[in-house]
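Let me begin by presenting the structure, written as structure tokens, before commenting on it.
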Amino acid sequence: MKFREFLWSLLLIFFMIMYLISLFSVVIDLFRNHQMSGVVQAIWILFLIFIPLISLPVYVIVYGRGVATGQQDAVAQAQRKQAAYIKQVAGTSPAEQIAQAQQLRQSSVISQQEFDSIKVKALS
Numbered sequence: 003m004k005f006r007e008f009l010w011s012l013l014l015i016f017f018m019i020m021y022l023i024s025l026f027s028v029v030i031d032l033f034r035n036h037q038m039s040g041v042v043q044a045i046w047i048l049f050l051i052f053i054p055l056i057s058l059p060v061y062v063i064v065y066g067r068g069v070a071t072g073q074q075d076a077v078a079q080a081q082r083k084q085a086a087y088i089k090q091v092a093g094t095s096p097a098e099q100i101a102q103a104q105q106l107r108q109s110s111v112i113s114q115q116e117f118d119s120i121k122v123k124a125l126s
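Per my numbering, residue 3 is the first one in the sequence shown, and the count goes up by one each step.
Right under this line is the structure:
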């Protein structure tokens with residue numbers, strides 16, 4: 003194999019990988035887009051399968067800005083869900099625990115001794 007053939011093969015592989023990444027990104031965007039009807043999504047999928055070299059650039063030109071914003075929205079939503087999960091798992095702060103115990107004490111749900119034990123446990 004000559005050096006020129008190697009470079010040509012490397013270039014072809016690069017463009018093939020770039021094409022596949024673009025194709026998967028468009029397909030993911032198609033399934034993520036809730037504003038587009040299912041029939042239109044199916045037509046785009048068929049175009050991407052049967053005439054990919056034309057339909058992929060057309061989709062990127064027509065919906066390119068939406069692909070980026072859809073990805074950003076998905077990342078932001080995942081971060082919000084993760085933050086909510088961490089907050090739920092981490093529990094409440096000691097000040098919140100004492101405030102909740104104080105409310106229970108004022109409403110006579112718990113005794114002073116129980117309040118003191120909750121306070122000691124929260125502060126430890």
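Using N, Cα and C, we set each Cβ at its ideal position, and we do this for glycine too.
Quantities reported herein were computed from a predicted structural model and do not represent experimental measurements.
- Judged by pairs of C-beta atoms under 8 Å, the stretch 3-18 does not touch the stretch 43-50, as fewer than three such pairs exist.
- Distances from the alpha-carbon of L58 to those of L9, F117, M20 and S109 put M20 closest.
- Contact annotation: A92 and I120 have beta-carbon atoms that are not nearer than 8 Å.
- In this structure, the straight-line span from the alpha carbon of I15 to that of S24 is close to 14 Å.
- Taking C-beta atoms under 8 Å as the contact rule, A76 and R34 qualify, at a distance of about 7 Å.
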